[in-house]
Each structure stands twice: as structure tokens, then as C-alpha cells.
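Undergrad:
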DNA sequence: GATAAATACGAACGTTCGTTCTATTATTAG
DNA sequence: CTAATAATAGAACGAACGTTCGTATTTATC
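Chains as they are written, first to last, in my numbering: chain A, 154 to 351; chain B, 154 to 351.
1) How would you write the range of the alpha helix (DSSP H) that residue 316 of chain A sits in, first residue to last?
2) Where are the alpha helix (DSSP H) runs, 4 residues long or more, that stay fully inside the region 166-220 of chain A, in chain order?
3) Could you tell me whether the Cβ of residue 348 of chain B comes closer than 8 Å to any Cβ of chain A?
4) Below 8 Å on the Cβ atoms is my contact criterion, and I expect residue 291 of chain B with residue 302 of chain B to pass it. Report the Cβ-Cβ distance as a whole number of Å.
5) Give a yes or no on contact between the region 333-340 of chain A and the region 305-314 of chain B, applying the rule of three or more CB pairs nearer than 8 Å.
6) In this structure, how does DSSP classify residue 337 of chain A when only helix, strand and coil are distinguished?
7) Is residue 348 of chain A helix, strand or coil by DSSP?
8) Mind checking residue 323 of chain B: buried by the 16 CB within 10 Å criterion, or exposed?
9) Would you verify that the beta carbon of residue 266 of chain A is, or is not, closer than 8 Å to some beta carbon of chain B?
10) Using only alpha-carbon positions, find the residue among A:334, A:343 and A:300 that is nearest to residue 351 of chain A.
11) According to DSSP, is residue 300 of chain A part of a helix, a strand, or is it coil?
12) Going by the CB atoms, is the gap between residue 165 of chain B and residue 261 of chain B shorter than 8 Å?
13) Between the alpha carbons of residue 315 of chain A and residue 226 of chain A, how many angstroms are there, rounded?
14) Report yes if the CB atom of residue 265 of chain B is closer than 8 Å to the CB atom of residue 257 of chain B, and no otherwise.
15) Any idea what DSSP makes of residue 162 of chain A, helix, strand or coil?
16) Counting only the same chain and skipping the five closest in sequence on each side, list residues whose C-beta sits under 6 Å from that of residue 211 of chain B.
17) Taking only the alpha-carbon atoms, compute the straight-line gap between residue 154 of chain A and residue 163 of chain A and give it to the nearest angstrom.
18) Reducing DSSP to helix, strand and coil, say where residue 247 of chain A ends up.
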């Protein structure tokens, strides 16, 4: 690996951490440079502009999420076990708190939902992809005859995502330890409604 | 009403609108002053500091929400009708889009969940109060024998809030017109699980 | 080890930020 | 109408912002 690539990676790790705390827009090149132990100009040279740095930060945090939540779930058996693992990984990732300020992408939604541009597009397409992945795992559960044939994958994915959003909200704001339990119970209820009869 | 009170109100209206778009932290006194047609110093004199302005803005947006969503729902019959009205008003408020940049309080959560201080405290207590109001309406629905006696009000409130969060997310990010329908369906099924037998 | 290329630095740019000060104007109360 | 008070303006502050530029230093290639 190039020296440049190495420092670029180190910068992005710091950047994801910082963005988690102060938001994508709240990132300041000066603060980030100090944290990375280098000069402002030396840092920004790796990205060209702040917007490009923001997008790179966004992608990096997406990769982290993928690796921590999605990929391990895909190694579980098709159908309900996979869906339950998805929630479990997600909750673990939430409560583990790798990022001190919460999910970068969720923060970016409220920051950029009304600001057209590259950043918003990256955020939106990321969440569309995510929702698609959930819906797909639902379709698989239907194919495996774990869920009823008339289950609407998008409705299920909507409600699944709702559970995660609420869990994240409560965890971040109230540090409520019952959040995980509540979320699991909610999924159980959601599944029970669509579960295929034996 | 005093002259001072008048302008203070006018400022806060502009401030809520601005905070909706750029976040509570993103508010700049200069921009707000220009929008209100006055000077920076003249504006900030009404609040003392930016933090106080932020808190006042937060309170004002809470009042708006209360008036648009909670209060009208409380005029509906006790029990399920009231709960359904709560969601209906909430969705209407969402899709009506009085605020150009989405809910100020939801934005403040991701901004301040990891920054201790007056602003965070105001946000957190606001959401605790809100959750309590939902749980109370669930307890009433139980008392009215619309829901089963063993219904957990907090679990129900968690799931209810989850639906609204997901609806807000999808509406802001994807402007998906099926959001409202999805949310209503989700509540319908949430209710069906706890509904008391006749 | 020499040389070309990549990488980093430091200084400076023009803006904008929140806040403070004093002076001036507008409002209210007697 | 007058006197006291409240409200606003304007200028200035030090700090931080993202970006640019020329130069120095480190890394990679032969």
C-alpha cells in the first residue's frame, strides 16, 4: 500500500469518528488535521475539497456498517434466522458503540435531507440499498416458507427498519438498557403476524 | 403585547424555520438577523446568547408540534380513536411540511445526543414527555377495554413511535407517497395484536 | 545512491462566526 | 409632554472556517 493510501485511510478513520460526534457538516478540516497529526493543507490534498472528504467519510462509514451488521447476517441460514441475526447484529453494533456519536449515516439524513447535492444523493442511495437488502431477506424467508406467501416485503422492511430506528433513537437519547429487549419483542410480534402455518 | 415580545416572537418563528433547514447548531445569528430584517446585535439582545436562542427555538417548535398533533388528538374519544388520530395528525403534519427542513426536534437528537448541556437536556425531556403521553393514551385504551388488560404501554409506545420515526425518515429522504399508507397499516397490525376480544 | 514523483508543510487569503461595546432611536409610563 | 426605559444599530474583536500557493521534505523508481 502506498504511503498516500495509508494516511488517507488513517484520515478517514478519524473522520468517521469525528463525523459521528459533530455531523458530516460539523467536520472541520483544522480539527481533523490536528487529530490526525498533520497540517490542514496536507490533509485536504488527499481529497480536493471538503465535500469530497464528506463523501469519502460517508462511504467509509457505510463499509463499516456493512462489515459489522450485514455481512455476518448473510452467513446465517436463509429465512427467519437471517432476519433475526440482522436485528441482533444491528443492536449489538448500536450498543457496542464503536462510534462515539452514533451512526454517521442517520445523522447525515437529518442534515442533508433538504440539501440537494452529492452528499444527499450518496445518503439516499445508501438507504435505498439497505432497504432493498432487508426486503430481499424477507423474500427469501417467504421462499423458505418461514413467512406467508402474501407477505409484502416492503411493508415488512418498513416495519423492521422502524424498529431499528426507534432502538437507535432511544439508545442514543436515553441510554435505555431495555431498548434491545423492546426491539427484539417488536420483531417477534412482527414475525408472528406473517409466520407461515406449519 | 410589548414591542419586544412581538419581535421576539417574529424572530423565533424565523428561527424555527431556519433550524428546520440547517439544524439548531447550523443557525447563524447573522443569517437569522438578515432574515428578520434587523442587526445581529439587536437580535441577540433578546436572548443573551446563541445557546439561549437555541433553547427558545426548541421550545417554540415543541409548542408547534403540540398544537398540531397532540392537542387535536386529545379532543377525540378516549381509547383507540384517540391513538389513531394521534398517528393521523402526525402523518398529516409530516406531509403538510409546515417546516421546510423537517422536524427540528428530531434533527436536534442526532445533533446533541452526545453533547451534554442545556440543549440536550431540553431535547431529551421533550421526548420523554412525548413518550409518556403516548403511553398514557395506551393506558386509557386499556381502561376503555379497547386493548387487552396485559398490554404493556411502554412497549406499545415504543412501537408506535417507531412507526412515526420510519415514516418521517422515508418521507424526508425518499418523498415516498406510500409512507402514510405503510404507517397506517403498521399501526393497524400493532393494534390488532393487542386488541381486546369483544 | 541519484532522480523524479509523491506527499506534506506553513503562511496567507477573504469570509463568516458569536459576542461585546457604545451610541442612538423608539416605546412606554406618569 | 416629559422622563425613564426598552429596543436597535453599528462598529469592532479575536477566532475559526475552507481553500490556495509556493516550497520543502519524504518516498518510490531505476
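In this text, a Cβ means the ideal position worked out from N, Cα and C, and glycines have one as well.
These numbers come from a predicted model, not from an experiment.
TA: Answer, in terms of the structure:
1) 306-327
2) 182-189, 193-197 and 203-218
3) no
4) The beta-carbon separation of residue 291 of chain B and residue 302 of chain B, rounded to 12 Å, does not stay under the 8 Å limit for a contact.
5) yes
6) helix
7) Residue 348 of chain A: strand per DSSP, three-state reduction.
8) buried
9) yes
10) A:300
11) strand
12) no
13) 19 Å
14) Here residue 265 of chain B is not near residue 257 of chain B, since their CB atoms are 8 Å or more apart.
15) helix
16) 275
17) 13 Å
18) helix
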